[in-house]
Amino acid sequence: MWLAIETSSLVSSVAVMKEEHLLGEITMQAGLTHSEQLVPHIDALLTMAQVNKRDLKGIVVTKGPGSFTGLRIGMGTAKAMAYALQIPLYGVSTLDGLAHNIPYTTHQICTVVDAQKKHVYAALYTYDRSTLVSIEAPFVIEASHLVERLEAQGKEIIFVGDGIKRIAPLVKAHPLLYMANPIYQIPKAGSLLVAARSEIAAGNIESPMDMVPQYIRRSEAEVLWEEKHKDELDNLVEPTVTVVDTVYKL
Amino acid sequence: MSVYTLALESSCDETSAAVLKDGRLVLSNVISSQVPIHQKFGGVVPEVASRHHIEQVIPVIDKALIDAGITLNDIDHIGVTYGPGLVGALLVGVAAAKGLSFATGIPLVPVHHMEGHIFANFLANPELEPPFLSLVVSGGHTMIVHVKGYEEFHILGQTRDDAAGEAFDKIARVMGFPYPGGPHIDALAKEGNPEAIEFPKALSEEGNYEFSFSGLKSSVLNYLNSKNLKGEDINKADVAASFQKAIVDVLVEKTRHAAKALGETKITVAGGVSANKGLQVALETMCKEEGFTYYKPSGILSTDNAAMIGCRAYYMAQAGKFSDLHLNAKPNVPIGAVSWVEAE
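This is the structure:
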């Protein structure tokens, strides 16, 4: 039994899988915060699917890219559960999960996740017979540049992901570029489980002790700081956290 | 049977986990501090802080349990800071605490960060019992709280604008000190003359327990600017000493008057600014003059740490104040707010 958690966008999605079968999925796009609804949804899902959390063999969580805060809520919850239940944790790219929303197509799949400021996180996939394979690893790009590039490619491409809101207005009735139906556009935990199969089979286990989201983008403050301090970058020693460990004896 | 509390704190730039026995005995208190990381930015960057919290949260919990020599199975309840603080930072602690609570079935206790600071006094002073008066001073808060019982708080007054710690940090920045600037002002003030410059003390009339530090801040900035314009030398030590005295006098006098008005004879101080030596000496002197007993959370307990959250959580658990799994982070929430699910 595997639990999957997807909170990389405004959509909250959790799913539970037994061997290769989906026992249940709750996918909500109703404007509630992840913080309020995520754990109650997991609770409701396991109860409805009659799954005891002690029977979970592993937890799959989106690694990113996506909403920084959303990723941390999902990963914070997943790490704590994996730590407490002492079960393996698996990380899957948001974009790999989204690509699995579109099964068995001869088109190329371009997954796009909103990256703010006219940009998207993107990745390209294609099917080799019945297996989805990555053509290009995730990158961040201005939406208009991505559209220009793919228009020039002259291949049939289907877009999936919430980055469509940046892409669609730029694609003016192009004969080869399609937008997935809104119901397929959203990240789903069930698709994450499909994408996780190879990770689980390969035993690519993440540790709750050091797993971090793949933000792709650095924080705005760091980027601005480096622009202002270009001359200091060569000799810059990045400080790290200092751990104080106090045991009191009364 | 002993009661074991696991507590988590991530409201600002410290990721911390602690284990307490019977509410007042700290078995472990692990703090992962990001202070060196935020220094180059001149203050805490919320996104950078959140990124370190998600990396550190499980290691600090693990270390706190190992140091305490117990396992999750021994824990009776999990306390977590749900506010106030940086929302993205709080959310990491809340998500982790809810994940642990759900996975293990251990009840969750939602703790107010500033109530935690007040409760740090119970850890540092085993004999302390309510009622008492607490002067709460930190980077985000300045208030006088009447702690009538473990579950009864009355705020007599708080700041209308800047918190005391905020004023310290802003003036320190203008004077060229790195973040966090408060300790630099405190150190420099020892070498200066506190009577050298007269800075304004707002709302100092008796019976008014509210604070305002924005006028003082402007006055210090104006003083520094006008000296600079005239090309005159600035005695930084005198500025630091006079500025610190202006803040400390207001804090101490209001505390004195509040205690007298209420007939309270026990005074505690809480929050990050309680580490200020000038404030400590002035409070101690005032308490001696008035015959009050003065309590302070020494050293690490005055900074952000999970042990104080655990102490608060213990008393909340005793009072049956537990949260369900819908608990959310609240960046702005007053002391005494109901965060738990009321029993039906």
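Chains A and B supply the protein sequences, listed in that same order. Throughout the first sequence, residue numbering follows our numbering, covering 1 to 250 in sequence. Throughout the second sequence, residue numbering follows our numbering, covering 251 to 594 in sequence. A virtual CB, placed ideally from N, CA and C, is assigned to each residue, including glycine.
Taken atom to atom, the span from the alpha-carbon of V387 of chain B to that of S93 of chain A is near 44 angstroms. The straight-line gap separating the alpha-carbon atoms of G366 of chain B and L385 of chain B is approximately 13 angstroms. Taking 8 angstroms as the threshold, the shortest C-beta distance from P187 of chain A to chain B does not fall below it. DSSP places T392 of chain B inside the beta strand (DSSP E), whose first and last residues are T392 to G399. Assigned with DSSP and collapsed to three states, Q185 of chain A falls in helix. Of the other Cβ atoms in all chains shown, 16 or more fall within 10 Å of the Cβ of Y332 of chain B; this residue is therefore buried. Taking C-beta atoms as the reference points, F493 of chain B and I517 of chain B fail to come closer than 8 angstroms.
As computed with DSSP, V133 of chain A is found in a beta bridge with A:T126. As for any alpha helix (DSSP H) of minimum length 4 sitting wholly inside the stretch 144-209 of chain A, the runs are 164-167, 182-185 and 189-202, ordered along the chain. Within the same chain, and ignoring the five residues on either side of A579 of chain B in sequence, the residues whose Cβ sits closer than 7 angstroms to its Cβ are Y332, G333, V337, L340, L341 and V344. Between M48 of chain A and G64 of chain A, the beta carbon gap of about 28 angstroms keeps them out of contact (Cβ cut-off 8 angstroms). In the three-state reduction of the DSSP assignment, K230 of chain A falls in the helix class, which pools H, G and I. DSSP places K477 of chain B within a helical segment (H, G or I) once states are collapsed to three.
Not a single CB atom of chain A sits nearer than 8 angstroms to the CB of N375 of chain B.
Counting along the chain, S8 of chain A sits inside no alpha helix (DSSP H), nor does DSSP assign it H or E at all.
At a C-beta separation below 7 angstroms, V212 of chain A has these neighbours in chain B: I304 and E305. Of the residues B:E592, B:I368 and B:A439, the one whose Cα lies closest to the Cα of T553 of chain B is B:I368. Counting along the chain, no beta strand (DSSP E) covers P286 of chain B; the unbroken alpha helix (DSSP H) around it starts and ends at V285 to H288.
In the DSSP assignment, Q408 of chain B falls within the beta strand (DSSP E) that extends over E402 to Q408. Per DSSP, the unbroken alpha helix (DSSP H) holding F493 of chain B starts and ends at K486 to L512.
Cα atoms of S198 of chain A and T126 of chain A: separation of roughly 16 angstroms, rounded to the nearest angstrom. Taking C-beta atoms as the reference points, V361 of chain B and I497 of chain B fail to come closer than 8 angstroms. Under a criterion of Cβ atoms nearer than 8 angstroms, no residue of chain B is adjacent to W2 of chain A; the nearest Cβ is some 15 angstroms distant. L315 of chain B has a beta carbon lying at 8 angstroms or more from every beta carbon in chain A. Burial of A257 of chain B is indicated by the presence of at least 16 other C-beta atoms within 10 angstroms of its C-beta. In the DSSP annotation of this structure, E19 of chain A is not part of any alpha helix (DSSP H), being labelled neither H nor E. Of the residues B:V397, B:G457 and B:K477, the one whose Cα lies closest to the Cα of M425 of chain B is B:K477. Counting only runs of 4+ residues, the alpha helix (DSSP H) found wholly inside the stretch 73-121 of chain A occupies 94-99, in chain order. Of the candidates B:L533, B:N323 and B:C561, the residue whose Cα lies closest to the Cα of L275 of chain B is B:C561. Beta-bridge partners of V519 of chain B (DSSP): B:L385. Beta-bridge analysis with DSSP links F461 of chain B to B:T409. For E36 of chain A, the residues of chain B that pass the 7 angstroms Cβ criterion are H576 and N578, in the order they occur in the chain. Under the DSSP assignment, K63 of chain A falls outside any alpha helix (DSSP H), being part of the beta strand (DSSP E) whose first and last residues are G58 to G64. When the five nearest sequence neighbours on each side are left out, the beta carbons in the same chain lying within less than 6 angstroms of the beta carbon of A314 of chain B are those of A267, A268, V269, S278 and V280, in order along the chain. For the stretch 339-351 of chain B, residues whose beta-carbon sits nearer than 7 angstroms to a beta-carbon of chain A comprise L341, V342, V344, A345, A346, K348, G349 and L350. Counting only residues of its own chain and dropping the five nearest sequence neighbours on each side, E206 of chain A has a CB closer than 7 angstroms to the CB of L89, Y90 and G91.
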